[in-house]
Amino acid sequence: MFAYGPNHAVRNKSKFKTRLVTFYRNGDKHFKGLTIPVNYKNYSTWETLLMYLGDKISLPYGVRHVYTLNGDQIHDIGELDDGRGYVCASGQFISRISYGRVKNSEKYWNNRKPSAGPLRKTDKLLFKREHDKQQPEAAASQYYSNGHTTDMQQRSWAKPRAIIVVSNTNRDSRAKILLNPRTSQSFEHVLRDMSQAVMLHNPPVKQLYTWKTEEKVHSFSQLFHEFQDHDVFIACGLEPLRRVQIPSDSSLEESDTDRDNGYTNGQDNGMPPPHQGPKYNQSYQSFQRKRPAKKFKRSDPEETYEAYQRQRRSYEESPRDSSSEDTLPPIKPKHAFTRSTEDVSTRPRHPHRQMLRRSTFKISNSQAEFPVLPKEFQTQPDEVPMEETDDNHTPCEKKEAKPSRVTQLLNVPSPEHVQSDSDLPSDFGYFQEKYAKRFKHLAPKTYYSPARLSIHGQMREFYPTDDVMTGHANPSAAPKKKLKLDWVYGYRGFDCGNNLFVLSSSELAYYVGAVVVLYDRKAHTQRHYVGHNEDIQCMALHPSGTYIATGQKEGHLPDSTPPDVVISHSAHVRVWQVSSLCTHAIIGLDCFQVGISALSFSNENEGKWLLIVDNSKNHILSVWDWNEDLLLAQNEEYELLIDPTHEIQQSQNDMVVVADFHPQIDSLIVSAGKQHLYFWTLDNNRIVRDRRSGIFEGDNPKYITCLAFSQVGEVIVGDATGTITIWEKDSETEVFCIRHKIQHAHERSVYSLCMLEDGTLLSGGGLDRRLLAWDSMRDYASVKVERLFPESAGGIRAIAPVNMGGADGVVVLGTTKNSIMIGSLRTKFNYILQGHSEELWALETHPTDSFFVTAGYDCFVMLWSAENNKLVWKVNVEKPCLSCCFDPTGAIIAVGTTVGRFVILHAANGMHVTSVQIGSDKLDAIRFSPDGSMLVMGSHDHKIYIFAVMDDGQVYRKVIALQGHGNFLTHIDWSVDNMFLRSVSGNYDLLYWDLQEMKQEGNKQKIRGIKWETNNCILGYNVMGIWPSRDRGTDINTVGRSNNHQILVAGDNYGFLSLFRYPCTSFKAESHESKHHSSHVTGTKFLFNDQVVISSGGVDAVLLQWRLVDKKGRAHYDSL
5 MFAYGPNHAV
15 RNKSKFKTRL
25 VTFYRNGDKH
35 FKGLTIPVNY
45 KNYSTWETLL
55 MYLGDKISLP
65 YGVRHVYTLN
75 GDQIHDIGEL
85 DDGRGYVCAS
95 GQFISRISYG
105 RVKNSEKYWN
115 NRKPSAGPLR
125 KTDKLLFKRE
135 HDKQQPEAAA
145 SQYYSNGHTT
155 DMQQRSWAKP
165 RAIIVVSNTN
175 RDSRAKILLN
185 PRTSQSFEHV
195 LRDMSQAVML
205 HNPPVKQLYT
215 WKTEEKVHSF
225 SQLFHEFQDH
235 DVFIACGLEP
245 LRRVQIPSDS
255 SLEESDTDRD
265 NGYTNGQDNG
275 MPPPHQGPKY
285 NQSYQSFQRK
295 RPAKKFKRSD
305 PEETYEAYQR
315 QRRSYEESPR
325 DSSSEDTLPP
335 IKPKHAFTRS
345 TEDVSTRPRH
355 PHRQMLRRST
365 FKISNSQAEF
375 PVLPKEFQTQ
385 PDEVPMEETD
395 DNHTPCEKKE
405 AKPSRVTQLL
415 NVPSPEHVQS
425 DSDLPSDFGY
435 FQEKYAKRFK
445 HLAPKTYYSP
455 ARLSIHGQMR
465 EFYPTDDVMT
475 GHANPSAAPK
485 KKLKLDWVYG
495 YRGFDCGNNL
505 FVLSSSELAY
515 YVGAVVVLYD
525 RKAHTQRHYV
535 GHNEDIQCMA
545 LHPSGTYIAT
555 GQKEGHLPDS
565 TPPDVVISHS
575 AHVRVWQVSS
585 LCTHAIIGLD
595 CFQVGISALS
605 FSNENEGKWL
615 LIVDNSKNHI
625 LSVWDWNEDL
635 LLAQNEEYEL
645 LIDPTHEIQQ
655 SQNDMVVVAD
665 FHPQIDSLIV
675 SAGKQHLYFW
685 TLDNNRIVRD
695 RRSGIFEGDN
705 PKYITCLAFS
715 QVGEVIVGDA
725 TGTITIWEKD
735 SETEVFCIRH
745 KIQHAHERSV
755 YSLCMLEDGT
765 LLSGGGLDRR
775 LLAWDSMRDY
785 ASVKVERLFP
795 ESAGGIRAIA
805 PVNMGGADGV
815 VVLGTTKNSI
825 MIGSLRTKFN
835 YILQGHSEEL
845 WALETHPTDS
855 FFVTAGYDCF
865 VMLWSAENNK
875 LVWKVNVEKP
885 CLSCCFDPTG
895 AIIAVGTTVG
905 RFVILHAANG
915 MHVTSVQIGS
925 DKLDAIRFSP
935 DGSMLVMGSH
945 DHKIYIFAVM
955 DDGQVYRKVI
965 ALQGHGNFLT
975 HIDWSVDNMF
985 LRSVSGNYDL
995 LYWDLQEMKQ
1005 EGNKQKIRGI
1015 KWETNNCILG
1025 YNVMGIWPSR
1035 DRGTDINTVG
1045 RSNNHQILVA
1055 GDNYGFLSLF
1065 RYPCTSFKAE
1075 SHESKHHSSH
1085 VTGTKFLFND
1095 QVVISSGGVD
1105 AVLLQWRLVD
1115 KKGRAHYDSL
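Written out as structure tokens, the structure reads:
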């Protein structure tokens, strides 16, 4: 069989943290660089990032390639390293350019006089007087006379600076070094002394490189002048510089250990580290920033207790090394410093911190270290936090609710900052056991202890709510209901071709995600083949029309996935029956790599053979007897390029675009793709290439994009230049040569070709969006009839005749905008179905009816009917959309865009009502209050904006901007009484907000009694059970709760949809899982009747409608 196996190296996007990267312009040494944060939330694909860079960095043909500063090409976002510099280019990389050195370059073109206006500091050197210019020369001569060198002269002018040094062999080992330019030591001596601060495999330190640009530092002069803007450096011993992916820059930030264990090379008075000798004391000295502890001040008992709880929570949430127990390690690992989004300079320091971290008592790894609490506040670590009741306790009387401040705030300017817990004094102090007795009388008789959960390495604490006691008797059991796929909205045409067929039953066959849809347009019904568990890449129809073959790509699963599950998600082909949807054969399991490029059934032998093209680097062609699961023949290697300089291009996975059996000769195979058209013959269990056929006149086209055959056996191909070429077999030499060419038949690429029964060749263009006809009986002359489709329809990806053998010329078209149309050149084309064509994040269901609304990056807002499974209306709002919601009456739709503007539409017809510009950042979440009086939005600038709704939703006025999160907002929930909000940010922080006081709410006793209208937040005590069941690296993107508070549905970044009981509080919660999305799930919502669930995919832009059924498949709704 095959000599290779599946590739199990899977890239996990959820492990990718935000990285700060600088991009430079190719060949421009004066370009200062564009520094942006990069993650999969902002740029879901590599092409998205290139398009963004093309708008920001001016290049002749846009940003097409990204290189490292050494000239290595980058192909994926995951290859970018935090804090590094990269070069954007349209073509080849231009070396020997000092990128990022614009601040040190002389600006000779700036000849502005001092009187023309204020000067920059960098320009003042150009206008020095003659006697000022002579002073450095005189000083230099004096230094030379005293025996000083030029390097010492320059160092005497510089100021001391602190740098961070990272070990080249152990990137977790790092130290903060204070460099004194006035030291008498040489640069080599200072490097040698650095060996005692970091751990190296080959000490001592011999070389020093910058972290950002990986440039070598040769002297103190460079360190204090040329690299004065660089704060992080890499220390190398005898080994070369190791260029690998490095942890995020958050691990390089200043921490408490860095401040306490830093070193200097100056001549300051200080004690050396205890483990170093006197030689080390000559150059490096310990500097301790100590601050006397504030005297404990007794205050109000309730306020002191609340502040104590906040201090305790903030100390527990700070990440620390789980492996350390009694002693501190010399250098902390990555997570021992701080969270990736936390500014360590603002973290509180306390004089007792060292005593607390070196305390002798031990607790479990899942709990944080903090001073001992009184017995009233203690809970057993193995117990689930529950309520302890006391019959003798009289509940506290509720305070009267203060009047709302919305009316007052409408008449005053919005504050720049709203007070939160972070505004408390940073040195409030950690309480010791001797202080615990003072608060013993403050402990309430009823206490809920928090549940602690680690999410992506960050410890989070959740408090139970009152409704947790109303849950199911067995909260860890899976619900009795399951999800059954009911309807698929959309079609995949933005990146796939030849994926639309018309069956003998008049059904349309096409695939979306991991589902093959069989749609009867007359009866408006769908059937689904759901045998695949990963994204389908290609499809082929059997000559008899009774079988369909589909190939899926290799799945991306967590590292801890069992091997048998990994094999089931590997690339393979399934052959299944059209009538029964039963799988007939599974071919190539554990044989193919990456995916399947093309499939084709043979014709002359009644379709017994199946051609499969592997999407790996070698692009193996294989022919199988699919009934017997037997490999008949295969080629050794798909030789694409002879030139060894094109090895990088040969490793791409899109080299082979199409491959097919010849309709009249089963032993002849035609394949095409990037710069090639190959003819193959079957010869004794081998597939041999005919090197005499397929030779173009002149240069080969950049891409062969489509393939078709005429009735007389001619091979017809379309390429990326818009040319259609006809190849004919010479009867004497039996070589396929060019017979005819249709030059520039289309603008740019020809996406599809289809030969009708009457000899008419139909061609579909991509960029020009035209459908053309050519008469093969008259040497492929133009029929002079064409159809031009609107830009909203897109280019033509696939063409399939409706009536095989008919003369009406009716065809169905699949477009690049994920739509399917039907018509002919003589009649009008009409839409059969439509869908979103770009990434989809916004989904919301109607509060009282069977409608739901979606909005995507394609700038379209669409209203769908879940009852009729049809599109109601479609509106272009001219800006990419990221969030949407209905008002409580369902009459108004609010849409948040990526440019800081929200748009209000009528739900009945999509008419524009109004739009308001807030800022320039994305609006990631948007929600109306339960009474419809307020509209809240979570922005990418870390703020929550609250607007008052006036005049029945016609006017919106800003009330306030709440600030407290350290990252962008992702989810927001309203309380039932409109008094509270809860929000989740990108660094997994859950905060509560009191809208009476317009500030952050930290009283846990008040929070536990809040009833929430929705449960969109992915964090909280009632939904914490969805996290422990996930493997490390899996991220939950969305959750949705049923209206009767019994079921919870969650979607993750691997395309899985999971159904849990609600509340989901058990760490061993079981669920029913389904995977039909090809990319991350971005939205999950229940309809108003809780019988239907709507889910939305991200990159695939597909909408799936699910129905809740019991074990027998019945759809009636009873106990869950």
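With the working numbering as the guide, the letters of the sequence shown map in order to residues 5 to 1124.
Backbone N, C-alpha and C fix where the C-beta goes; we use that ideal spot for every residue, glycine too.
The three-state reading of DSSP puts residue 1006 in coil, since its state is none of H, G, I, E or B.
Contact between the stretch 1040 to 1060 and the stretch 493 to 507 is absent, with fewer than three C-beta pairs closer than 8 Å.
At the C-beta level, residue 787 and residue 804 stay beyond 8 Å of one another. In the three-state scheme derived from DSSP, where H, G and I count as helix and E and B as strand, residue 998 is classed as strand. A distance below 6 Å between beta-carbons, with the five flanking residues on each side excluded, links residue 739 to the following residues of its chain, in chain order: 696, 697. Annotation: the continuous alpha helix (DSSP H) that includes residue 191 extends over 191 to 198. Per DSSP, reduced to three states, the secondary structure at residue 695 is coil, with no helix or strand assignment. Here the stretch 475 to 492 makes contact with the stretch 1061 to 1069; the two share three or more CB pairs at distances below 8 Å. Non-local beta-carbon contacts of residue 845 in its own chain, meaning distances under 6 Å to residues more than five positions away in sequence, involve 886, 1086 in chain order. Residue environment: residue 65 is assigned as exposed (fewer than 16 neighbouring CB atoms within 10 Å of its CB, all protein chains considered).
The beta carbon of residue 706 lies closer than 8 Å to those of 678, 679, 723, 724, 725 in the same chain, with the five residues before and after it left out. For residue 41, the secondary structure class from DSSP, reduced to helix, strand or coil, is strand. The beta carbon of residue 727 is closer than 8 Å to those of 705, 745, 746, 747, 748, 749, 754 in its chain, skipping five residues each way along the sequence.
By the criterion of a C-beta distance shorter than 7 Å, residue 517 is surrounded in its chain by 539, 1080, 1081, 1082, 1101, 1104, 1106, once the five residues flanking it on both sides are discounted. Per DSSP, residue 1114 lies in no beta strand (DSSP E) segment and is marked neither H nor E. Rounded to the nearest angstrom, the gap between the Cα atoms of residue 994 and residue 967 is 13 Å.
Its chain contains 42, 84 as the residues whose beta carbon lies nearer than 6 Å to that of residue 25, once the 5 sequence neighbours on both sides are disregarded; these appear in chain order. Spanning the alpha carbons of residue 878 and residue 868 requires a straight line of approximately 9 Å. Between residue 929 and residue 973, the beta carbon gap of about 5 Å places them in contact (Cβ cut-off 8 Å). Non-local C-beta neighbours of residue 617 in its own chain, meaning closer than 6 Å and more than five positions away in sequence, comprise 601, 602, 625, 660, 663, ordered along the chain.
The beta carbons of residue 937 and residue 953 sit closer together than 8 Å. DSSP places residue 506 inside the beta strand (DSSP E), whose first and last residues are 504 to 506. Each residue's CA atom was taken as its position, placing residue 590 and residue 623 some 20 Å apart.
963 is the residue among 991, 943, 963 whose C-alpha sits nearest the C-alpha of residue 1000.
The C-beta of residue 1054 has 16 or more other C-beta atoms within 10 Å across all chains shown, which makes the residue buried.
Counting the other CB atoms within 10 Å of its CB gives residue 163 a total below 16, which places it among the exposed residues. Here residue 733 is buried: its Cβ has 16 or more other Cβ atoms, across all protein chains shown, within 10 Å. Of the other Cβ atoms in all chains shown, 16 or more fall within 10 Å of the Cβ of residue 544; this residue is therefore buried. For the pair residue 580 and residue 532, the Cα-to-Cα distance works out to about 12 Å. Contact between the stretch 168 to 182 and the stretch 191 to 210 is established, with three or more Cβ pairs separated by less than 8 Å. Straight-line measurement puts the Cα of residue 570 at about 27 Å from the Cα of residue 1028. The beta-bridge partner set that DSSP reports for residue 555 consists of 542, 577. Across the structure, residue 609 and residue 513 are spaced so that their CA atoms are roughly 24 Å apart. Between residue 922 and residue 943, the beta carbon gap of about 7 Å places them in contact (Cβ cut-off 8 Å). Segment contact: the stretch 69 to 77 against the stretch 87 to 95, three or more CB-CB distances shorter than 8 Å; contact assigned. In the same chain as residue 1012, and ignoring 5 residues on each side of it, the C-beta atoms closer than 8 Å to its own belong to 452, 467, 468, 469, 470, in chain order.
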